[in-house]
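Presented below is the structure to which this report refers.
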Amino acid sequence: MSVIEAVQNNGTTTSSKPSLARPPPRSVDFTYAQPTDKPRNLDDTLKSWDSVPLFMKQLPTESSRTDDESTQVALDALESLTFDGTSDEVALNFKSQANEYFKSKRYREALGFYSQAIQAQPVDKSLLETLYANRAACNLELQNYGATLRDTGKVIAMNPNNEKAYYRATKALIALDRFNDAQECQAEEVWVQKFKATREKQLKK
1 MSVIEAVQNN GTTTSSKPSL ARPPPRSVDF TYAQPTDKPR NLDDTLKSWD
51 SVPLFMKQLP TESSRTDDES TQVALDALES LTFDGTSDEV ALNFKSQANE
101 YFKSKRYREA LGFYSQAIQA QPVDKSLLET LYANRAACNL ELQNYGATLR
151 DTGKVIAMNP NNEKAYYRAT KALIALDRFN DAQECQAEEV WVQKFKATRE
201 KQLKK
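For what it's worth, full-length UniProt numbering labels the leading residue of the sequence shown as 1, then goes sequentially.
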């Protein structure tokens, strides 16, 4: 006897093809994706992100713990990453996660993990420079131009020869219609490129 039996069609005929069990009804509420009559309030949307572990500006205290089990699991995972190992090791863990999200073009998630890595306060200055540079790249993709300029400014303060920082800052300035500043920033980028080329020639001699 066949394990999968034929089922009746409309109560009268029998199909020769095996039937597949229907999946259970969706438990996820997709109503949030439907159009609404009123435009969403940006401030309310940003505040709602504060309840998502990845985008929390800081981990909650013991007295402000959530009762939601899935959220608590995510919080525990974040805390484990935060407190296990040295500050550099913690930052590298977050950076690794962020890099994977960035490769998948999930820039908002990547930004969240880069921010967590920065908050770990790594001692390695080159690592910190990379974290700010990568977060600037996320902000640029998300069209957060003000945040892009802040992050690139920190990168340049740590390393005036980081040409990618000048490049991203230039793109952000152009998007903000700050063309004079963009020209100056681009000139700095060109100078850095020439400086690096000259230095490489000298090293090869």
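Beta carbons: idealized from backbone N, C-alpha and C, even for Gly.
Small disclaimer: the values here were computed from a predicted structure and weren't measured.
Query: Can you give me the C-alpha to C-alpha distance between residue 94 and residue 204, rounded to a whole angstrom?; Result: 37 Å
Query: Between 109, 150, 160 and 143, which has its C-alpha nearest residue 98's C-alpha?; Result: 109
Query: In terms of residue numbering, what span does the alpha helix (DSSP H) encompassing residue 135 cover?; Result: 125 to 141
Query: Considering only the beta carbon of each residue, do residue 152 and residue 175 sit closer than 8 Å?; Result: no
Query: Can you tell which of 161, 156 and 132 has its C-alpha closest to the C-alpha of residue 197?; Result: 161
Query: Quick one: grab the DSSP three-state call for residue 121.; Result: coil
Query: Going by alpha carbons, who is nearest to residue 90 out of 146, 143 and 119?; Result: 119
Query: Tell me whether residue 86 sits in a helix, a strand or coil according to DSSP, three-state version.; Result: coil
Query: Identify the continuous alpha helix (DSSP H) that holds residue 180 and give its terminal residues.; Result: 179 to 204
Query: Under a Cβ-count criterion, where at least 16 other Cβ atoms within 10 Å of its own Cβ denotes burial, should residue 217 be classed as buried or exposed?; Result: Look at the range of the chain in this structure, 1 to 205, and you will see that residue 217 is not part of it.
Query: Just how far apart, CA to CA, sit residue 195 and residue 111?; Result: 31 Å
Query: Report all residues from its chain with a CB closer than 8 Å to the CB of residue 130; omit the five preceding and five following residues, and keep chain order.; Result: 95
Query: On the premise that residue 114 lies in contact with residue 134, defined as a C-beta separation below 8 Å, what is that separation, rounded to the nearest angstrom?; Result: 5 Å
Query: My output table needs one value for residue 105: the three-state DSSP class, helix, strand or coil.; Result: coil
Query: Name the two residues that bound the continuous alpha helix (DSSP H) containing residue 173.; Result: 163 to 175
Query: Spatial neighbours of residue 122 within its chain, please: C-beta separation below 7 Å, excluding the five flanking residues on both sides.; Result: 87, 88, 91 and 128
Query: Spatial neighbours of residue 102 within its chain, please: C-beta separation below 8 Å, excluding the five flanking residues on both sides.; Result: 110, 134, 137 and 138
Query: With DSSP collapsed to three states, give me the class of residue 144.; Result: coil
Query: Should residue 184 and residue 167 be called a contact, given that it needs their Cβ atoms to be closer than 8 Å?; Result: no
Query: Where does residue 159 sit, in a helix, a strand or coil, going by DSSP?; Result: coil
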